[in-house]
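Following this note's numbering, the numbering of the sequence shown begins with 1 at its first residue and continues without gaps.
Down below is the structure, laid out as structure tokens.
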Amino acid sequence: MEMYLPSKLEPRAARYLWHSLRNFLSLFGTLNVVGSLISLEYCFLRNYHCWNEAWMTRPDLPVGFGGWQAVDSTPQENSDGMYRCGPASVQAIKHGHVCFQFDAPFVFAEVNSDLVYITAKKDGTHVVEAVDTTHIGKLIVTKQIGGDDMKDITDTYKFQEGQKEERLALETALMYGVKKPLNTESVIKPKSDVVMDFEVENAVLGKDFKVNITFQNNSPNSHTISAYLSGNITFYTGVSKEEFKKETFDVTLEPLSIKEEEVLVRAGEYMGQLLEQASLQFFVTARVDKTGDILAKQKSTVLTIPKVNIKVRGPKMVGSDMVVTVEFTNPLKETLQNVWIHLDGPGVIKPKRKLFREIQPNSTVQWEEVCRPWVSGHRKLIASMTSDSLRHVYGELDLQIQRQPSM
């Protein structure tokens with residue numbers, strides 16, 4: 001006898017997820033201070049994570065906590081000895097009611113934790129140098145209904161930073177069992193007069209790009225800043241494969257001033273070491289000379305990968321010949337070897353592939369196929385490209401295939 005759970009499932013994904021051991025609300029990044037150089041020694045933070053939501057009634061919970069439930073089949077920690085997570089009421093997570101089953105404290109910590117940068121002293125004590133309250137759980141999305149765009153659903157999981165409701169949800173969660181692993185009031189340094197932030201330009205695979213770092217001096221005193229930027233190739237889990245960029249620089253800030261610095265990242269510095277996800281992580285640290293304050297910030301970016309272009313000409317109709325053209329331009333400064341382009345379109349064209357021995361830099365290849373659709377309605381053509389040095393390049397085209405007019 002088979003039994004089914006009636007529900008509606010939808011995928012969810014979030015950027016910068018902290019898989020919390022013991023439902024802690026803080027992730028620690030350990031800073032290594034050697035002279036004027038401050039580097040990030042350890043920080044386990046996932047670039048993204050995916051899970052599902054199921055729509056169901058929850059008669060075991062108070063009224064109002066049914067509906068969407070978070071269900072994660074690939075959690076990084078176990079629940080009662082098994083790798084499982086949920087169903088956890090999304091409404092309960094948002095309002096901090098983590099006392100309701102199942103695994104709500106874990107999910108709450110995933111999307112609400114603070115990123116705490118600490119330094120270790122010789123006597124074994126730790127000092128909190130900086131706290132980032134907005135980095136973790138920054139963007140939670142799902143697929144837009146009727147299209148392939150993403151829909152931001154962050155506000156279904158958490159209130160905006162700084163709102164009264166956000167503070168109340170945190171206090172409620174603390175009351176019901178999530179934990180602050182240390183008393184930050186006794187170890188955190190006073191807020192620095194200097195604020196630092198940075199942005200990574202839209203980075204296209206194979207192209208140079210810049211990291212723009214902003215320093216703001218909120219004091220009536222001038223300051224000299226010693227800064228360090230580190231660029232790393234990372235797995236999607238946040239684990240660093242290799243550091244590809246190191247740069248140190250000094251910045252002089254006049255009283256009550258703002259200054260920007262640019263660091264150029266050249267394609268040759270990262271291209272030979274990229275992983276499949278083309279994910280880069282940048283970490284910037286700085287020390288304020290007079291006060292000794294340490295500033296720290298990290299951000300990840302995924303390189304924009306060029307697409308395979310698909311075009312069609314001819315009638316989009318069942319039983320009629322239609323020409324599909326696939327194009328790809330090599331964006332790299334090197335020749336691509338052993339290039340395979342795959343084309344598929346259920347109901348439109350059977351799977352096909354074509355080999356191009358090489359594609360010169362900035363050169364374009366074309367491939368045409370004649371097909372005869374046999375299924376009407378909304379269809380999709382999908383193309384992919386792989387080569388010795390460039391992989392996971394895709395393209396797609398939506399089609400509306402018409403029926404043959406009745407005679």
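Positions of the beta carbon are idealized from the N, C-alpha and C atoms, including for glycine.
Bear in mind the structure is a predicted one, so any value in this text is a computation, not a measurement.
Who are the near neighbours of residue i in its chain, counting only those whose CB is closer than 6 Å to its CB and skipping five residues on each side?
i	result
S363	N330
V204	T304
Taking buried to mean at least 16 other C-beta atoms within 10 Å of its own C-beta, is residue i buried or exposed?
i	result
G162	exposed
Y157	buried
T301	buried
Y83	exposed
E185	For E185, the predicted structure reports a pLDDT of 43, less than 50, and the residue's modelled location is therefore unreliable. A value from the coordinates is still provided. Classification for E185: exposed.
L399	buried
Q91	buried
T285	buried
C50	exposed
W55	exposed
S73	exposed
G147	exposed
V265	buried
Skipping 5 residues on each side, what residues in its chain have a beta carbon closer than 7 Å to that of residue i?
i	result
G395	K307, V308, N309, I310 and A383
D321	G314, V370 and R372
Helix, strand or coil for residue i? Go by DSSP, reduced to three states.
i	result
A130	strand
G395	strand
K94	helix
D123	coil
P105	helix
L274	coil
E171	helix
G268	helix
V111	helix
Rounding to the nearest angstrom, what Cα-Cα distance links residue i and residue j in this structure?
i	j	result
K354	I341	5 Å
M385	L280	22 Å
V195	N217	7 Å
K299	Y48	12 Å
Q402	E369	20 Å
A227	T252	11 Å
L397	G345	9 Å
V211	E247	11 Å
V393	Q277	11 Å
P405	K316	12 Å
N112	K380	38 Å
T224	K297	18 Å
F108	K94	8 Å
A88	V63	14 Å
Are the C-beta of residue i and some C-beta of chain B separated by less than 8 Å?
i	result
L332	Although the question refers to chain B, the structure presented lacks it and comprises just one protein chain.
Within the same chain, show all residues whose beta-carbon is closer than 8 Å to that of residue i, passing over the 5 residues directly before and after it, in chain order.
i	result
E269	G231, F244 and K245
T134	E161
D388	L336, Q337 and N338
K241	N232, I233, T234, F235, Q273 and L275
- What are the uninterrupted segments assigned as beta strand (DSSP E) that are 3 or more residues long and contained completely in the stretch 191-226, given in chain order? For the beta strand (DSSP E) assignment, the uninterrupted runs of no fewer than 3 residues enclosed by the stretch 191-226 are, from N- to C-terminal side, 194-200 and 209-217.
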